[in-house]
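Novice:
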Amino acid sequence: SISLEGKTYVVMGVANKRSIAWGIARSLDKAGARLIFTYAGERFEKSVRDLVATLEGNHELILPCDVTDDENVAACFETIGKEVGEIHGLAHCIAFAKTEELSGDFSETSREGFLLAQNISSYSLTIIAKYAKPIMAESGSIVALTYIGGERVMPNYNVMGVAKASLEMSVRYLAADLGKHGIRVNAISSGPIRTLSAKGVSDFNSILREIEEKAPLRRNTTPEEVGDTAAFLFSDMARGITGETIHVDSGYHIL
Ligand code: 0WD
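To get my numbering, take the position in the sequence shown, counting from 1, and add 711.
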C-alpha cells in the first residue's frame, strides 16, 4: 500500500460520513498523511470535527472555507500556511446546484442557477489553486472530483453536467499552468455514489441500478475506491500524471 507519511493534504468538502471526501480522508489517513479539513459553513463544523476524531491520525486543523468568497479562501490558505508551512496536495470535493435544476428540461435552466453551479462546482477549483499555490510544495498534487455527466448527457444531471465539463477543462488549464511549479492537477471521474449531493439528482436509484446491470465490473463505485485512487494520485507513484481524468466507475465509461 501507498505511504504518504510526512505529507500534508487539505481535504475540502466533507459534509458527512457518506461524502466522497470522507472516503479520500480515510485512505490518506491510512497512508499516514497529516490532514487538514475545510467545511462550507458553520452547520458542518460539528459533524466534520466528530468524524475527524474517529481517524487514526491526529488531524487538528479544521477550518471554514466558503469557496464563493475570495477573501474566505485567501484567509483559509493563509491560516494553513501559517500553521503547517507547506502542503503537498489538496482534494476538491465540492459541488452545488439547485435541486429544481437537476431534473426536467435543461432548456429551462435559469441564468442564476447556471452561474451558481459554475461558481461553486467549477470556478472554485481555480480560486483554490490560486491561493494554494504559494504554500504548495514542489511536486504538489491537486485532485478534483467529476462525473461522466460532464462528458456526455446523463439523465437529470443537466446544469451540473455543464459545470463538470467546465471543471474538467479547468483541470487541464491548471495542469498546463502549474506544471512549471512542479504541481500536478488531475480529476477523478467517480461512478455514482449515494451521498447528500446525490440526493439532489432526480431518479438517482435508476442510475445506480444501471451501473450494477451494465458496467464491466457489475457493481457500484465505493468512496474507498475513489479514496485509494486519490492516494495514488497524491503519491510519488503518479509523478508522471497531470491534466488527466481517471475514471473510477467500474468501467462504465467505456460503454
Ligand atoms: O454520485 C456522486 N455522489 C458523485 C459525486 C459522482 C461523481 C462526482 N461527484 C462529486 C460531486 O459533484 C462533488 O464534486 O464529488 C464531489 C463530492 O460530492 P459528494 O461527496 O457526492 O457530496 P457531499 O457529501 O454532499 O459533499 C459536497 C459538499 C457540500 O455538502 P452540501 O451538503 O453543502 O451539499 O460540497 C461542499 C459541501 O461540503 N460545498 C461547499 N464547500 C465550500 N463552499 C460549498 C461552498 N460554497 N457548497 C457546497
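Cβ coordinates follow ideal geometry from the N, Cα and C atoms, glycine included.
Taking the alpha carbon of Ile957 as the reference point, which residue from Ile899, Ala909, Val912 and Asp914 has its own alpha carbon closest?
Specialist: Ile899
Novice: Can you grab the Cα-Cα spacing for the pair Thr719 / Ala744, in whole Å?
Specialist: 6 Å
Novice: Specify, as a first and last residue, the run of the beta strand (DSSP E) that Gly824 falls within.
Specialist: In the DSSP annotation of this structure, Gly824 is not part of any beta strand (DSSP E); the continuous alpha helix (DSSP H) holding it starts and ends at Arg822 to Gln829.
Novice: Mind checking which residues open and close the alpha helix (DSSP H) that includes Phe915?
Specialist: Phe915 to Lys925
Novice: To which residues does DSSP link Asn897 through a beta bridge?
Specialist: Val854
Novice: Should the region 815 to 825 be called in touch with the region 754 to 771, which here means at least 3 C-beta pairs below 8 Å?
Specialist: no
Novice: Does the distance between the C-beta of Tyr750 and the nearest non-hydrogen atom of the ligand 0WD fall short of 7 Å?
Specialist: Indeed, a heavy atom of the ligand 0WD lies less than 7 Å from the Cβ.
Novice: Put Ala802 into one of helix, strand or coil per three-state DSSP.
Specialist: strand
Novice: For Asp761, is the classification buried or exposed, using 16 other Cβ atoms within 10 angstroms of its Cβ as the cut-off for buried?
Specialist: exposed
Novice: Under DSSP, the beta strand (DSSP E) around Met723 begins and ends at which residues?
Specialist: Thr719 to Met723
Novice: Going by other Cβ atoms of all chains shown within 10 Å of its Cβ, with 16 needed for buried, is Met847 buried or exposed?
Specialist: buried
Novice: Less than 7 Å between C-beta atoms, sequence neighbours within five positions excluded: which residues of the same chain meet that for Glu879?
Specialist: Thr857, Gly861, Ala898 and Thr956.
Novice: For my contact list, Val937 and Ile731 are in at a C-beta cut-off of 8 Å; report their separation, rounded to the angstrom.
Specialist: 5 Å between Cβ atoms; contact.
Novice: Within the present structure, is the beta-carbon of Thr933 separated from the nearest heavy atom of the ligand NAD by less than 7 Å?
Specialist: The ligand NAD is not part of this structure, which contains only the ligand 0WD.
Novice: For the alpha helix (DSSP H) holding Arg905, just list the boundary residues, first then last.
Specialist: First-last for Arg905: undefined, no H or E at that position.
Novice: The ligand 0WD and Arg729: does any heavy atom of the ligand fall closer than 7 Å to the residue's C-beta?
Specialist: yes
Novice: If you count every other CB in all the chains shown that lies within 10 Å of the CB of Glu692, and 16 or more means buried, which is it?
Specialist: Here the chain covers residues 712 to 966 and nothing more, so residue 692 does not appear.
Novice: Measuring from the CB of Gly724, is there a heavy atom of the ligand 0WD at a distance below 7 Å?
Specialist: Gly724 has its CB nearer than 7 Å to a heavy atom of the ligand 0WD.
Novice: Just curious, the beta strand (DSSP E) that Pro775 is in, first and last residue?
Specialist: Counting along the chain, the unbroken beta strand (DSSP E) around Pro775 starts and ends at Ile773 to Pro775.
Novice: Relative to the ligand 0WD, is the shortest distance from any of its heavy atoms to the C-beta of Leu856 smaller than 7 Å?
Specialist: yes
Novice: For the alpha helix (DSSP H) that contains Tyr842, what are its first and last residues?
Specialist: Here the alpha helix (DSSP H) through Tyr842 covers Ser835 to Ala843.
Novice: Note down, in chain order, each residue of its chain lying with its Cβ closer than 7 Å to the Cβ of Val784, except the 5 sequence neighbours on either side.
Specialist: Cys776, Val778, Ile838, Ile839 and Tyr842
Novice: Short check: CB of Arg905 to CB of Arg754, under 8 Å?
Specialist: Not a contact, by the Cβ cut-off of 8 Å.
Novice: Please classify Ser717 as buried or exposed, where buried requires at least 16 neighbouring CB atoms within 10 angstroms.
Specialist: Contrary to the premise, residue 717 reads as Gly rather than Ser in this sequence. Counting of Cβ neighbours within 10 angstroms places Gly717 among the exposed residues, the total staying below 16.
Novice: Which of the three DSSP states is assigned to Phe748 in this structure?
Specialist: The three-state secondary structure of Phe748, taken from DSSP, is strand.
Novice: The ligand 0WD and Ala846: does the residue's C-beta get closer than 7 Å to at least one heavy atom of that ligand?
Specialist: According to the sequence displayed, residue 846 carries Ile and not Ala. The answer is no for Ile846.
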